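Here the structure comes first, spelled out in structure tokens, and everything after it is commentary.
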Amino acid sequence: MLALFRTFIRTVEAGSFTAVARELNSSQPTVSRQIALLEDHLGCLLFQRTTRALTLTDDGRVFYDHAQRTVEAAAEAESAVGRRKGKPSGTLRLACAGVFGRLHVIPRLPRFRARYPDIEIALTMNDGFSDLVEEGIDLAIRVGETTDASLISRRIATSRRVLVATPEYLACHDAPRHPADLAGHDCIVYDRLLTGARWHFASSEGQISVAVAGPVHVNNTEAVRACVLQGLGIGYTPIWHFIDGEIENGRLVVLLRDFEPPPQPISAVYPSRRFLPPKVRAAIDYFAAEFDLDPRLGITAV
């Protein structure tokens, strides 16, 4: 429709279909048909046509003023979008898990804002997966495997998992030497459905999977850390939970070092690869670089 508006404006200014056709490298019948289409759409005549001249009707004069403003506004809108393409700006709707967000996303937001002052943050934190499309989320930082094929996922980091317990717990229980020994231990079971759990390991023996149980089940990853620190049992958790030096200062002991749990992926997830806004690309690259540089996390960017 804007193209018809532009043709109409040029016809008014040129004074004839033939002159406009020459400007547009088109034909007089084509220009005439475009004006007729616009008149049909508006339900009125814009020009009085004679063999010698075109004359604007009253409706044509009214429409000309409005059409000019519309075309100018459209040009300004296109220009504004063009200016934004190269500069990250606007509101970034960011989602992440509550614990990971509190420990590793929020502490990095001040530097992000300093680098990109034209980006505002709307942060959603929960332990479930947000519906990115329904909730209008631009970017989610997800911990664990992503399975939604309708979304674009870029792995930005990988975190080691570890098996840990307190010295106090181990003073009362023999330290396990093999994953099979976990059957005789109190294990902190992270299971939202509270239906049991299996822990997985890799070693020179190959892949090992063992069923575990214990008196404490939790549905929050931060609760695993808290329960382990209270001596309630053995925890199986990514090392990014421990940012206060709990392992280095001996408050926690890493167990079964010869049996490596599979690493936990951390991914940037977003709805579409097409026309990725600069604000989203900037955030993905920023967090990938931040996670790669921070040795506390035990994260190595992929």
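Using numbering that gives the first Met the number 0, read the sequence shown as starting at 0 and increasing by one per residue.
Think of the CB as a built atom: it goes at the ideal place given N, C-alpha and C, for glycine as much as any other residue.
Fair warning: this is a prediction, and the values are worked out from it, not measured in the lab.
Cross-strand partners of residue i (DSSP beta bridge)
i, result
"Thr54", "Gln47"
"Arg118", "Note on residue identity: the sequence assigns Ile, not Arg, to residue 118. Answer is Gly89, bridged to Ile118."
"Cys186", "Ile233"
"Pro214", "Pro214 pairs with nothing; no bridge assigned."
"Pro264", "Thr157"
"Arg197", "Ala210"
"Tyr269", "Ile151"
Beta strand (DSSP E) segment containing residue i, residue limits
i, result
"Leu3", "Counting along the chain, Leu3 falls outside any beta strand (DSSP E), though it belongs to the alpha helix (DSSP H) covering 1-13."
"Cys95", "89-95"
"Arg160", "160-164"
"Ile303", "As displayed, the chain neither begins before 0 nor continues past 301, which places residue 303 out of reach and without an answer."
"Leu138", "138-142"
"Val252", "252-254"
"Pro109", "Element bounds for Pro109: not the beta strand (DSSP E) but the alpha helix (DSSP H), 108-114."
Span of the alpha helix (DSSP H) around residue i
i, result
"His177", "His177 -> no alpha helix (DSSP H), and no H or E assigned at all."
"Ile34", "27-41"
"Glu314", "Residue 314 lies beyond the residue range present for the chain, which begins at 0 and ends at 301; the question has no answer from this structure."
"Thr146", "Counting along the chain, Thr146 falls outside any alpha helix (DSSP H), and DSSP gives it neither H nor E."
"Glu22", "16-22"
For residue i, the three-state DSSP class (helix, strand or coil)
i, result
"Arg67", "Reading the sequence as shown, one finds Gln at residue 67 and not Arg. Helix."
"His240", "helix"
"Gln206", "strand"
"Gly103", "Reading off the sequence, residue 103 comes out as His, not Gly. Here His103 sits in helix by DSSP."
"Gly234", "strand"
"Glu259", "strand"
"Ala156", "strand"
"Val61", "helix"
"Val132", "coil"
"Leu192", "At Leu192 the pLDDT is 46, less than 50, meaning the model places this residue with poor confidence; the figure from the coordinates comes in the next sentence. If DSSP states are grouped into helix, strand and coil, Leu192 belongs with coil."
Close beta carbons around residue i, own chain, < 7 angstroms, minus the five adjacent residues each side
i, result
"Ser15", "Leu53"
"Glu38", "Leu44, Leu45"
"Pro262", "Thr157, Ser158, Arg159, Arg160"
"Leu1", "Val70, Ala73"
Beta-carbon separation (whole angstroms), residue i vs residue j, contact threshold 8 angstroms
i, j, result
"Ser158", "Pro214", "Contact flag wrong, Cβ pair sits at about 27 angstroms."
"Ile155", "Ile242", "That pair is no contact at about 18 angstroms."
"Gly135", "Arg92", "6 angstroms"
"Val217", "Tyr235", "Actually they are not in contact, since the Cβ atoms of Val217 and Tyr235 sit about 12 angstroms apart, beyond 8 angstroms."
"Ile187", "Val227", "6 angstroms"
"Val279", "Asp173", "Not quite, the Cβ-Cβ distance comes to about 51 angstroms (not below 8 angstroms), so this is no contact."
"Ala170", "Leu251", "No, Ala170 and Leu251 are not in contact; Cβ-Cβ is about 14 angstroms, not under 8 angstroms."
Contact set for residue i: own chain, Cβ-Cβ below 6 angstroms, skip 5 residues either direction
i, result
"Val30", "Phe16, Val19, Ala20"
"Glu119", "Thr90"
"Ser208", "Arg197, His199"
"Leu192", "Confidence at Leu192 is low in this model, with a pLDDT of 46, below 50, so its placement is unreliable and no value can be given for it."
"Thr10", "Val19"
"Val201", "A small correction: the amino acid at residue 201 is Ala; Val does not occupy that position in the sequence shown. Only Glu259 meet the Cβ criterion."
"Thr49", "none"
"Tyr285", "Phe111"
"Glu245", "Leu251"
Sequence-distant residues of the same chain with beta carbon closer than 8 angstroms to residue i, five excluded per side
i, result
"Ala139", "Leu93, Ala94, Cys95, Phe128, Ser129, Leu131, Ala267, Val268, Tyr269"
"Glu167", "Gly230"
"Ser271", "Ile151"
"Ile8", "Tyr63, Ala66, Gln67, Val70"
"Val98", "Asp126, Asn219, Thr220, Glu221, His240"
"Ala13", "Val19, Glu22"
"Thr194", "With a pLDDT of 47 at Thr194, under the threshold of 50, the modelled position of that residue is not reliable, and the figure given next carries that caveat. Answer for Thr194: no residue qualifies."
"Asp58", "Leu41, Cys43, Leu44, Leu45"
"Lys86", "Asp117, Pro277"
"Ser203", "Asp257"
"Glu144", "Pro264"
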